[in-house]
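Number of protein chains: 2
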Amino acid sequence: MSGTVYGIGVGPGDPELITLKAKRLLETLPVLAWPAPLEGEGLARRIAAPFIPEGRTEIAIRFSFRPERDDTAAAYAKGARDIAAHLAVGQDVGVLCEGDPLLFGSFIHLLEHLPDCKVQVVPGIASPLAAAALTLRPLATLDEAFVILPATRPEAEIERVLSVVEAAAIIKIGRHRDTLARVLDRLGLIDDAVAVERAGMPDQAIRPFRDAVCLPYFSLVLVRRST
Amino acid sequence: MSGTVYGIGVGPGDPELITLKAKRLLETLPVLAWPAPLEGEGLARRIAAPFIPEGRTEIAIRFSFRPERDDTAAAYAKGARDIAAHLAVGQDVGVLCEGDPLLFGSFIHLLEHLPDCKVQVVPGIASPLAAAALTLRPLATLDEAFVILPATRPEAEIERVLSVVEAAAIIKIGRHRDTLARVLDRLGLIDDAVAVERAGMPDQAIRPFRDAVCLPYFSLVLVRRST
Chain A
1 MSGTVYGIGV
11 GPGDPELITL
21 KAKRLLETLP
31 VLAWPAPLEG
41 EGLARRIAAP
51 FIPEGRTEIA
61 IRFSFRPERD
71 DTAAAYAKGA
81 RDIAAHLAVG
91 QDVGVLCEGD
101 PLLFGSFIHL
111 LEHLPDCKVQ
121 VVPGIASPLA
131 AAALTLRPLA
141 TLDEAFVILP
151 ATRPEAEIER
161 VLSVVEAAAI
171 IKIGRHRDTL
181 ARVLDRLGLI
191 DDAVAVERAG
201 MPDQAIRPFR
211 DAVCLPYFSL
221 VLVRRST
Chain B
228 MSGTVYGIGV
238 GPGDPELITL
248 KAKRLLETLP
258 VLAWPAPLEG
268 EGLARRIAAP
278 FIPEGRTEIA
288 IRFSFRPERD
298 DTAAAYAKGA
308 RDIAAHLAVG
318 QDVGVLCEGD
328 PLLFGSFIHL
338 LEHLPDCKVQ
348 VVPGIASPLA
358 AAALTLRPLA
368 TLDEAFVILP
378 ATRPEAEIER
388 VLSVVEAAAI
398 IKIGRHRDTL
408 ARVLDRLGLI
418 DDAVAVERAG
428 MPDQAIRPFR
438 DAVCLPYFSL
448 VLVRRST
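Top line first, the protein sequences correspond to chains A and B. The first sequence begins at 1 in this note's numbering and counts up one residue at a time. The second sequence begins at 228 in this note's numbering and counts up one residue at a time.
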C-alpha cells in the first residue's frame with residue numbers, strides 16, 4: 001500500500017493564477033508539504049492558503065536560506081522521510097511549489113530523496129510568464145529562441161548565452177545585478193531590458209532595468225532584441 | 228467609452244490546467260474571440276468550452292493554416308476590426324490563447340493590430356511545462372540555462388544555441404525532425420531526448436526521440452545534459 005506524491009505548482013503569487021487541477025488537489029489531498037524558512041509558513045503555503053481546508057496534516061520543510069545553503073540537503077532528506085511515512089500508509093501527499101515544480105523548483109531536489117515513489121506533477125504558471133503578462137511584452141514569437149538564464153552564472157557564460165538568443169528572462173539576479181548590466185550593455189540590450197519585481201504578487205512592479213539599481217530576490221529581467 | 232482586451236491563456240489542452248483567473252474571465256466577459264481553422268472551432272475554443280456560457284457573443288479569427296500562411300495578416304486585421312467594434316461600445320473582449328498568450332502566441336500578432344487599446348494578459352500553462360510534468364523530468368535546476376527553441380531555425384543556428392545551454396524544449400518540429408536529429412546526435416544529446424506529443428491533451432504520449440520518426444504538429448522535444 002503506497003500513496004502518490006504530487007508536485008503542485010501554485011504559480012507566482014496571485015492565488016487566482018493557480019490552476020483548477022491544483023485547487024482540486026489542495027482541497028482534497030490528506031497531507032500537504034511545503035518549503036519554508038526556519039519560522040513561518042513560506043511563500044508557497046501563503047499562495048495556496050485560500051484553498052487549504054482547516055485541520056489538514058501539513059509538513060513544513062524548513063531551510064535557513066543562508067547563502068551557503070549548507071542545511072539544504074539535510075532539510076530535503078528530512079522532508080522526504082516525513083513524506084515517505086505518509087506514503088507508506090497509503091496517504092497521498094501534495095508538495096506545494098512556487099511557480100512550476102520542474103522549472104528551477106525545489107521539488108526537483110526533494111524527488112531525488114524519494115526515488116521509488118509514485119509521482120505526479122501539476123504544472124504551474126512560471127514567473128517569467130507572469131512577468132511578461134505584467135509588461136505586456138512578448139517573451140518570444142515566430143522562430144525566436146527564448147532562454148531562461150540564472151544570473152548566478154559566470155559573466156562570460158551569461159554573455160555567451162545571451163549573444164545567441166533573441167529573448168531572455170534572467171532570474172536569480174540579487175547581487176549579480178551589476179554583472180548583468182555590463183553584459184547587457186556590451187550586447188546592446190540594456191536600454192530595452194525591463195526589471196519585474198514580485199510578478200504576480202500584490203506589490204508587483206516593473207521598472208526599466210537601468211533604474212533598478214537594487215532588485216529583490218523575487219525579481220527577474222526580461223530582454224528581447226528589437227526586430 | 229472603451230473596453231479592455233484580455234489575452235487569456237487557456238493552457239495546453241486539459242481544461243483543468245486553466246487558471247482560476249482565466250475561468251472567471253471566460254465565465255463573465257461579454258465577448259470572446261478565438262483563432263480557428265477555416266471551419267470548426269479550433270483548439271483554444273475546445274479547451275475553454277466547459278467554461279463558456281451559452282449565448283455569448285463569439286468572434287472566430289479564421290486562418291487557412293497553409294504553410295505559406297499568406298492569409299495570416301488579413302485574418303488578424305479582420306479579427307482586430309471585429310474586436311475593436313466591441314471595445315468601442317465599452318464591451319470587454321477576451322481572446323482565447325492556447326498555452327500562454329505572450330510565448331509564441333498568436334495574441335502577439337493580434338495586438339499589433341490593436342495599438343491603442345487597453346490590454347490585460349492572463350498567463351497560461353505553456354506546453355513545455357505540461358510536457359515536463361508528463362515526463363517527470365526537470366526542465367532545469369540550479370544555474371542551468373533553459374531555452375525554448377523553434378526547430379524552424381537553420382540547422383547551424385539550432386546547433387549554436389543548443390551547444391551553449393544545459394536544457395531545451397524544441398518546438399515546431401514537424402518536417403524539421405531529421406535536421407534536429409542530426410544536431411542532437413552531433414551534440415551527444417540524442418539518447419536522452421524525449422518527444423512529447425499533445426502534452427496536456429487526452430491522447431498525450433511520450434516516446435524516446437529516437438523512436439519518434441514522425442511527430443504531429445502539437446509535439447515538442449525535451450533535452451537536458453546529464454549532470
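All C-beta atoms, glycine included, are put in the ideal place defined by N, C-alpha and C.
Exposed unless 16 or more other CB atoms sit within 10 angstroms - verdict on Ile381 of chain B: Working through the second sequence from its first residue, we reach residue 381 of chain B at position 154. A quick correction: the sequence has Pro, not Ile, at residue 381 of chain B. Label assigned to Pro381 of chain B: exposed.
Closer than 8 Å, CB to CB, is Asp419 of chain B near chain A or not? Position 192 of the second sequence, counting from 1, holds the residue named residue 419 of chain B. So, not an interface residue.
Return the residue from the list B:Thr368, B:His313, B:Gly317 and B:Gln318 that minimises the CA-CA distance to Ser453 of chain B. Reading the second sequence from its first residue, position 226 is the one you call residue 453 of chain B. With distances taken between Cα atoms, Ser453 of chain B lies closest to B:Thr368.
Is it the case that the CB of Arg451 of chain B approaches a heavy atom of the ligand MG more closely than 7 Å? Inclusion of the ligand MG in the displayed structure is not the case, the ligand content being empty and no account of it being possible.
Can you tell me whether DSSP reads Gly42 of chain A as helix, strand or coil? To locate residue 42 of chain A, count along the first sequence from 1; it is residue 42. DSSP places Gly42 of chain A in coil when its eight states are reduced to three.
Taking buried to mean at least 16 other C-beta atoms within 10 Å of its own C-beta, is Leu38 of chain A buried or exposed? Along the first sequence, one-based indexing puts residue 38 of chain A at 38. Leu38 of chain A is exposed by the Cβ-count criterion.
For Cys49 of chain A, which three-state DSSP category applies? Here the question's residue 49 of chain A lines up with position 49 in the first sequence. What sits at residue 49 of chain A in the sequence shown is Ala, not Cys. Helix, per DSSP.
Between the alpha carbons of Leu110 of chain A and Phe278 of chain B, how many angstroms are there, rounded? Taking the first sequence and counting its residues from 1, one reaches residue 110 of chain A at position 110. Taking the second sequence and counting its residues from 1, one reaches residue 278 of chain B at position 51. Leu110 of chain A and Phe278 of chain B: Cα-Cα distance of roughly 35 Å.
Are Ala77 of chain A and His113 of chain A closer than 8 Å when you measure CB to CB? In the first sequence, residue 77 of chain A corresponds to position 77, counting from 1. In the first sequence, residue 113 of chain A corresponds to position 113, counting from 1. Going by C-beta atoms, Ala77 of chain A is nearer than 8 Å to His113 of chain A.
At a Cβ cut of 7 Å, what residues of the stretch 329-344 of chain B count as close to chain A, listed as they run along the chain? Leu329, Leu330, Phe331 and Ile335
Coarse secondary structure for Tyr76 of chain A, derived from DSSP in three states: By one-based count along the first sequence, residue 76 of chain A stands at place 76. Reduced to three states, the DSSP call for Tyr76 of chain A is helix.
Cys441 of chain B, buried or exposed, once every other Cβ within 10 Å from all chains shown has been counted against 16: Numbered from its first residue, the second sequence carries residue 441 of chain B at position 214. Classification of Cys441 of chain B: exposed, given that the 10 Å Cβ count is below 16.
Tell me which same chain residues have a C-beta within less than 6 Å of the C-beta of Met201 of chain A, skipping the five on either side of it? The count along the first sequence starts at 1 and reaches residue 201 of chain A at position 201. Taken in chain order, the residues that qualify are Gly13.
So Leu447 of chain B and Val410 of chain B are supposed to be a Cβ contact under 8 Å. How far apart are they, rounded? Mapped onto the second sequence, residue 447 of chain B falls at position 220. Mapped onto the second sequence, residue 410 of chain B falls at position 183. With a Cβ gap of about 15 Å, Leu447 of chain B and Val410 of chain B do not count as contacting.
On the criterion of 16 or more Cβ atoms from any shown chain inside 10 Å, does Glu393 of chain B qualify as buried, or is it exposed? On the second sequence, residue 393 of chain B is found 166 positions in, with the first residue counted as 1. Glu393 of chain B is buried by the Cβ-count criterion.
Test: Phe373 of chain B CB closer than 8 Å to a CB of chain A: Working through the second sequence from its first residue, we reach residue 373 of chain B at position 146. Interface residue, yes.
Give, in chain order, every residue of the stretch 14-46 of chain A whose Cβ lies closer than 8 Å to some Cβ of chain B. Asp14, Pro15, Glu16, Leu17, Ile18, Thr19, Leu20, Lys21, Lys23 and Arg24
Boundaries (first-last residue) of the beta strand (DSSP E) holding Arg413 of chain B: The count along the second sequence starts at 1 and reaches residue 413 of chain B at position 186. Note, Arg413 of chain B: premise wrong, no beta strand (DSSP E); alpha helix (DSSP H) at Arg404 to Arg413.
Just to confirm my understanding: we take Asp327 of chain B, look at its own chain, exclude 5 residues before and 5 after, and list those with CB closer than 6 Å. What are they? Along the second sequence, read from residue 1 onward, the residue named residue 327 of chain B stands at position 100. The residues are Gly236, Pro350, Gly351 and Ala353.
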